[in-house]
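Everything below concerns the one structure shown next.
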Amino acid sequence: MKTIKRTVLLLIAIISISTINAQEEEKSKTKLDLGVDFASRYVWRGLEFSDSPAVQPYVELTSGNFTLGAWASYETGGQVVGQEFDLYANYAIGPVSLGFIDYSFPIDGFTDGYFQMKNHVGEATISFDGVEKFPLTLFVGVNVYNDDQNSIYTELGYPFKIGETELRAFVGGGNEIYSTNTDYTITNFGLTASKAVKFTDAFSLGVSASAIFNPDTEDAYLVFVISL
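In the numbering used here, the protein residues as written are 4 to 231.
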């Protein structure tokens, strides 16, 4: 555990140093975005959270470098374990973002719903979005409440393009709640391909497909998502 924490601190230090000379963002602009994704399966960080298609709405407010948003996932098969509602915020400093996510799992029809803090988990995050000369991305998340083990998840990504299709190779891992034996292990690797399918000048759909593998649980998924 100490080794993992030292590694995370080292990665954070490297990212921070790389942004010392970053220029200021352009003047503040406020933008409100909202939409919905239709996913064939909800798979998160290599872990399956639904066994049927999921509807995932979101709303996001961005002002300058600050972003505040809400995201949810509702399993269409009616399983209560597939329901999730999250709030998040982050602040970007060049290619680096500092953030926080409140994950909640309200259970419809039961008394212990959204306003019971035991149904929430909080995660502090730091991410590096890559730059032109160094496109590699890095994400580090640490649970800070309702997780006594303060589980850590890290992920590296590499974006590239083939024609008009955007691709991203990724590999991630975690300890405690992410792994079957609580030790840090690789739990999530694969490839995502995405593109916009244009129907008219005013209307297009975002589509993506992800091949996801979890060697820890010995599971594999092919997830298809349509974005409106």
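By construction, the Cβ of each residue, glycine as well, lies at the ideal position given by its N, Cα and C atoms.
For Ile165, the enclosing beta strand (DSSP E) starts and ends at Ile155 to Ile165. Between Asp40 and Val210, the gap from beta carbon to beta carbon reaches 8 Å or more. Pairwise C-beta distances place the region 203-217 out of contact with the region 176-183, as fewer than three of them are shorter than 8 Å. Judged by DSSP secondary structure, Lys201 falls within the beta strand (DSSP E) whose first and last residues are Thr188 to Lys201. Residue pairing by DSSP places Glu126 opposite Ile104 and Asn146 in a beta bridge. In this structure, DSSP gives Glu179 a helical state, which the three-state scheme calls helix.
In the DSSP assignment, Leu139 falls outside any beta strand (DSSP E), carrying neither H nor E. Rounded to whole angstroms, the separation of the alpha carbons of Leu101 and Phe142 is 10 Å.
In this model, Asp132 and Thr195 are separated by some 16 Å (Cα to Cα).
For Asp151, the closest of Glu169, Asp36, Lys121 and Leu170 by C-alpha to C-alpha distance is Lys121. Collapsing the DSSP output to three states places Lys34 in a strand.
Ranked by Cα distance from Leu139, the options Val200, Ala172 and Leu225 are led by Ala172. Tyr117 and Thr203 have their C-alpha atoms spaced approximately 41 Å apart. According to DSSP, Tyr224 shares a beta bridge with Ile215. Counting along the chain, Phe88 sits inside the beta strand (DSSP E) bounded by residues Gln86 to Ile96. It is roughly 30 Å from the alpha-carbon of Ser43 to the alpha-carbon of Tyr148.
Here Asp219 is buried: its Cβ has 16 or more other Cβ atoms, across all protein chains shown, within 10 Å.
With 16 or more neighbouring CB atoms inside 10 Å of its own CB, Val124 falls in the buried class. Under the criterion of beta carbons closer than 8 Å, Asn68 and Ile96 qualify as touching, at roughly 7 Å. With respect to Tyr61, Leu37 sits close: the two C-beta atoms are nearer than 8 Å.
Per DSSP, Leu231 is not a residue of any beta strand (DSSP E), being assigned neither H nor E. Residue environment analysis places Glu158 among the buried positions, since at least 16 neighbouring C-beta atoms fall within 10 angstroms of its C-beta.
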